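In what follows, a single structure is set out as structure tokens and then discussed.
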Amino acid sequence: MRGYFYGWYLKCQSLTQTLAIIPSVHQTGKKRTCSIQFITDNDVWEAKCPGETFYQSGKNMRIGKNRFGKNGVCLLVHTPTLNVSGNLDFCSLSPIKYDIMGPFSFVPLLECRHSVISMRHFVCGDVRINGQTFSFQNSLGYWEGDRGRSFPKRYFWTHCFFHSTSIMLSVADIPLAFWQFNGIIGIILLNGKEYRLATYLGAKAVRVLGGVVQIVQGDMELEVCLLEKAKKPLKAPVNGDMARSIHESAACRARYRFRKAGRTVFDFETDKASVEYEYHH
């Protein structure tokens, strides 16, 4: 049996705190395991769980006593080194117009397939991790997923909220049989309007170097400049096994600039950018 993984990324962000929760299931050979990773502004934790505790039905997932879904998150983890408890309620989810993979959703043998479940929603509740409380009241949430065999060898990913805007962008080296191409998927949800950047719509990466990513598609241009490195180690899949260490910052400094038809739509700097930068040359 080929290695396989499936997981969600649920980000919750207030004015002062960021918490990303990553529940996932992974299989290598006949062995199935689960994990829940937690990443905050300053820390990373992982809880490993038996594979038989995983259950999913549509947009609802359960790992042991932990539940994740369209109505929110219920957490209860108790290990010798990690204690997590709390409830988060979600409301007013913002799904995208159609599958972020576009026609690539029908292409077989891709090593990783991405999904965007909600670009922006409201989060209320509290989570307590090893004695520290993360409180969200009318805060913002973002929800995406990945499934396949492995994360791309080289890739860049970011998500950021800015006023009424939610931005997601991913650029990766995509192997396909004997061919490799630069894959781009991105969504800018601005005042309820969706702007989509994607390889299948003609998007090109004109720069991915030194922490600067510049994407051009028709009359649209999105540039992301990382102003600090991603710091916290996370586990990522290689042929289904969570054996790779990548680095993410749940909230770091970055600059985002979006231009359309020669006009600057937004240009801002933030210390709340979520970033993974595995595109080292």
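FYI, the numbering for the sequence shown is 32 to 312, going by the numbering used here. Cβ coordinates follow ideal geometry from the N, Cα and C atoms, glycine included. Note that the structure is predicted; figures quoted are calculated from it, not measured.
I'd like to check one pair, residue j with residue i: are the Cβ atoms closer than 9 Å?
i    : j    : result
V158 : L119 : yes
Y226 : V255 : no
L221 : V296 : yes
F187 : S197 : no
E307 : A261 : yes
H190 : A304 : yes
C43  : S170 : yes
K90  : I148 : yes
A267 : S276 : yes
V239 : Y310 : yes
Could you tell me the distance, in whole angstroms, from the CA atom of residue i to the CA atom of residue j?
i    : j    : result
M92  : K184 : 27 Å
C155 : L106 : 14 Å
S280 : Q68  : 13 Å
I205 : G179 : 13 Å
R290 : T110 : 48 Å
I160 : T71  : 10 Å
G47  : W210 : One point to set straight first is that residue 47 is Thr, not Gly, in the sequence displayed. Rounded to the nearest angstrom, the two C-alpha atoms are 44 Å apart.
F153 : S123 : 6 Å
E252 : F299 : 15 Å
T230 : V247 : 10 Å
A282 : G172 : 13 Å
Q245 : K235 : 8 Å
A51  : L265 : 11 Å
K101 : F121 : 7 Å
T59  : T112 : 26 Å
V56  : P134 : 26 Å
F182 : F36  : 10 Å
I127 : V108 : 32 Å
Y86  : R98  : 9 Å
R294 : S88  : 44 Å
P139 : G117 : 39 Å
A203 : T301 : 24 Å
H278 : K96  : 28 Å
K263 : S125 : 28 Å
Between the options, which lies nearest to residue i when the distance is taken from Cα to Cα?
i    : options                   : result
F212 : V306, K96 and E142        : E142
R33  : L258, V296, L228 and V269 : V269
S195 : S136, R151 and V247       : R151
T49  : G233, N102, A234 and Q163 : Q163
L258 : A281, Y173, V247 and G242 : G242
T84  : C65, K101, I70 and G100   : C65
I349 : W174, S181, A304 and E252 : Look at the range of the chain in this structure, 32 to 312, and you will see that residue 349 is not part of it.
I94  : K79, K101 and N102        : K79
M199 : I131, Q87, V56 and S88    : I131
F192 : I218, H57, D177 and G100  : I218
N73  : V138, T301, F165 and V108 : F165
R144 : G271, D177 and H278       : D177
S45  : D272, K263 and Q168       : Q168
Assuming residue i and residue j form a contact by the criterion Cβ under 8 Å, report the distance between their Cβ atoms to the nearest whole angstrom.
i    : j    : result
L41  : V104 : 6 Å
I215 : L228 : 6 Å
G249 : G233 : 6 Å
G38  : R63  : G38 to R63, Cβ: 13 Å. No contact.
Tell me whether residue i counts as near the ligand HEM, meaning its Cβ is closer than 8 Å to at least one heavy atom of that ligand.
i    : result
H152 : Looking for the ligand HEM in the displayed structure turns up nothing, as the structure carries no ligands at all.
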